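Counting along the sequence shown from 1, when you hit position 140 you're at 140 in UniProt numbering, and nothing is skipped either side.
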Amino acid sequence: MPPVITTVDDLHALYRRRVPRMFYDYCQSGSWTEQTFRENETDFDLIRLRQRVAVDMEGRSVAGTMIGREVTMPVALAPVGLTGMQYADGEILAARAAEAFGVPFTLSTMSICSIEDVAEHTTKPFWFQLYVMKDEDFVDRLIERARAAGCDALVLTLDLQILGQRHKDLKNGLSAPPKLTPASIANLATKVRWGMGMARTKRRFFGNIVGHAKGVGDASSLSSWTAEQFDPRLDWDKIRRIKDKWGGKLILKGILDAEDARMALQVGADAIVVSNHGGRQLDGALSSIRMLPEIVDAVGDRVEVHMDGGIRSGQDVLKALALGAKGTYIGRAFVYGLGAMGQQGVTHALEVIRKELDTTMALCGEKDIHDLGPHNLLVPRGFRGDWEPAAPPR
Ligand SMILES: Cc1cc2nc3c(=O)[nH]c(=O)nc-3n(C[C@H](O)[C@H](O)[C@H](O)COP(=O)(O)O)c2cc1C
Numbered sequence: 001m002p003p004v005i006t007t008v009d010d011l012h013a014l015y016r017r018r019v020p021r022m023f024y025d026y027c028q029s030g031s032w033t034e035q036t037f038r039e040n041e042t043d044f045d046l047i048r049l050r051q052r053v054a055v056d057m058e059g060r061s062v063a064g065t066m067i068g069r070e071v072t073m074p075v076a077l078a079p080v081g082l083t084g085m086q087y088a089d090g091e092i093l094a095a096r097a098a099e100a101f102g103v104p105f106t107l108s109t110m111s112i113c114s115i116e117d118v119a120e121h122t123t124k125p126f127w128f129q130l131y132v133m134k135d136e137d138f139v140d141r142l143i144e145r146a147r148a149a150g151c152d153a154l155v156l157t158l159d160l161q162i163l164g165q166r167h168k169d170l171k172n173g174l175s176a177p178p179k180l181t182p183a184s185i186a187n188l189a190t191k192v193r194w195g196m197g198m199a200r201t202k203r204r205f206f207g208n209i210v211g212h213a214k215g216v217g218d219a220s221s222l223s224s225w226t227a228e229q230f231d232p233r234l235d236w237d238k239i240r241r242i243k244d245k246w247g248g249k250l251i252l253k254g255i256l257d258a259e260d261a262r263m264a265l266q267v268g269a270d271a272i273v274v275s276n277h278g279g280r281q282l283d284g285a286l287s288s289i290r291m292l293p294e295i296v297d298a299v300g301d302r303v304e305v306h307m308d309g310g311i312r313s314g315q316d317v318l319k320a321l322a323l324g325a326k327g328t329y330i331g332r333a334f335v336y337g338l339g340a341m342g343q344q345g346v347t348h349a350l351e352v353i354r355k356e357l358d359t360t361m362a363l364c365g366e367k368d369i370h371d372l373g374p375h376n377l378l379v380p381r382g383f384r385g386d387w388e389p390a391a392p393p394r
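Okay, structure coming up:
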């Protein structure tokens with residue numbers, strides 16, 4: 001009998017069994033002590049919901065828009081590097097699941113399937129996430145390729161000029177494709193389903209990079225390649241240059257501070273994503289959900305504020321929307337589904353989330369996600385935190 005999936009956790013359990021340890025660990029970790037990674041999830045649990053009754057519940061809708069695009073629910077798939085190592089042809093499968101469901105798919109610069117490959121195997125535009133590299137010419141060509149492939153938004157990630165350290169990736173020797181060592185061979189041998197998929201596909205390298213970036217020797221090791229190629233000098237002037245070069249809808253991802261949100265506004269972003277990269281970059285930063293209200297207060301009336309980090313259920317989505325987000329993204333939640341069951345698993349993750357969102361909304365006494373607001377939540381006193389800068393800004 002096929003497994004009955006009722007939660008994203010069910011997908012996580014299957015995913016853990018079916019995918020090689022190296023790629024499971026790559027997904028299921030945060031940087032250093034993983035405090036921020038953990039709190040992205042646990043801070044959602046601090047927020048409770050206000051139950052309301054005797055409200056006509058017929059004709060509910062969770063549909064909305066994200067930067068003008070109609071979505072069946074405001075939950076996009078976040079850019080996730082190496083998705084095609086979690087399951088053969090992973091980016092194509094996830095993009096197809098998102099397309100069929102009616103939510104945006106975001107392709108990472110560090111994907112296994114290339115921009116062109118995903119475009120060829122889908123029918124609707126997807127979003128392209130850009131990392132800024134030192135090689136401007138390569139960045140320009142990536143932008144051109146995204147445009148040529150019909151991508152209708154550029155998601156520029158700002159919180160990864162250098163790579164936060166995840167201990168497990170170093171210990172596992174993370175690479176794409178995996179390097180064969182006695183330990184990795186022993187583990188791979190137990191992942192038959194994964195191995196059969198990988199044996200059938202040719203897509204096993206960084207598709208946007210290998211064969212496109214000049215002078216790139218070994219791109220298989222993510223950490224050394226990132227250290228070599230990513231541009232540590234990325235600043236607001238460069239962001240403006242990229243905005244002009246792209247000329248289309250621009251989403252700035254990785255904003256976790258109201259000051260930076262105001263800068264993003266000045267640059268003319270169409271949306272910002274309140275994000276700490278799923279707790280993978282600055283360990284010790286506050287969770288996304290805790291920072292969201294302050295950023296919404298600062299810029300929410302002038303730019304669309306999205307958020308990601310720690311979303312594992314439709315209830316989490318509802319909490320983010322009620323605190324002022326106009327859109328959300330799931331990273332790990334869709335990867336669990338993909339690694340567990342391919343395209344069908346991503347669809348499961350989206351379905352579970354939509355059902356939870358819809359039911360929760362109804363039991364909170366709302367019929368339309370646009371009506372959600374802080375009035376639907378109970379937050380502990382001081383949820384925003386009794387935090388303050390240790391000294392006035394310089
Ligand atoms: C395995 C993994 C790889 C990621 N790769 C990228 C990436 O290539 N580009 C990017 O902008 N964000 C990347 N992220 C961050 C996600 O886009 C997103 O911000 C994060 O996963 C949200 O948190 P969640 O996983 O708790 O939903 C990655 C996250 C994970 C878990």
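All residues carry an ideal CB built from backbone N, CA and C; glycine is no exception.
Quick caveat: nothing in here was measured; it's all calculated off a predicted structure.
Closer than 7 angstroms: residue i CB and nearest ligand 1 heavy atom
i           : result
residue 311 : yes
residue 253 : yes
residue 38  : no
residue 78  : yes
residue 226 : no
residue 260 : no
residue 166 : no
residue 333 : yes
residue 280 : yes
residue 308 : yes
residue 151 : no
residue 184 : no
residue 113 : no
residue 110 : yes
Buried or exposed by the 16-neighbour rule on C-beta atoms within 10 Å, applied to residue i
i           : result
residue 4   : exposed
residue 54  : exposed
residue 236 : exposed
residue 181 : exposed
residue 315 : buried
residue 244 : exposed
residue 253 : buried
residue 387 : exposed
residue 302 : exposed
residue 129 : buried
residue 214 : exposed
residue 192 : exposed
residue 156 : buried
residue 1   : exposed
Those residues which DSSP pairs with residue i across a bridge
i           : result
residue 66  : 69
residue 395 : Nothing about residue 395 can be reported from this structure: the residues present for the chain run from 1 to 394 only.
residue 29  : Answer is none; residue 29 lacks a bridge partner.
residue 330 : 77
residue 38  : Paired residues: none, contrary to the question.
residue 48  : 378
residue 61  : 368
residue 306 : 273, 327
residue 105 : 77
residue 318 : Looking at the DSSP assignment, residue 318 forms no beta bridge with any residue, so it has no partner.
* Counting pairs of Cβ atoms below 8 angstroms between the region 117 to 135 and the region 226 to 242, do you hit three or more? -> yes
* Asked: Is the number of C-beta pairs between the region 65 to 83 and the region 324 to 336 that are closer than 8 angstroms three or more?
  -> yes
* For the region 252 to 304, which segments carrying the alpha helix (DSSP H) assignment without a break, of at least 4 residues, lie completely within its bounds, in sequence order? -> 258 to 267, 288 to 299
* Asked: In chain order, which continuous runs of the alpha helix (DSSP H) of length 4 or greater are located wholly inside the region 128 to 185?
  -> 136 to 148, 167 to 172
* Mind the definition here: the region 347 to 354 touches the region 37 to 53 only if three or more C-beta pairs lie below 8 angstroms; say whether that holds. => no
* Indicate whether the contact test is met: 3 or more Cβ pairs, each with one atom in the region 90 to 99 and one in the region 63 to 72, closer than 8 angstroms. => no
* Asked: When the Cβ atoms of the region 273 to 283 are set against those of the region 154 to 165, are three or more pairs found closer than 8 angstroms?
  -> yes
* Asked: Are three or more beta carbon pairs between the region 337 to 346 and the region 5 to 23 nearer than 8 angstroms?
  -> yes
* To do: Evaluate contact between the region 291 to 310 and the region 267 to 277, counting only Cβ atoms and requiring at least three cross-stretch pairs below 8 angstroms.
  => yes
* Validate contact between the region 314 to 330 and the region 353 to 365 using beta carbons, cut 8 angstroms, 3 pairs -> yes
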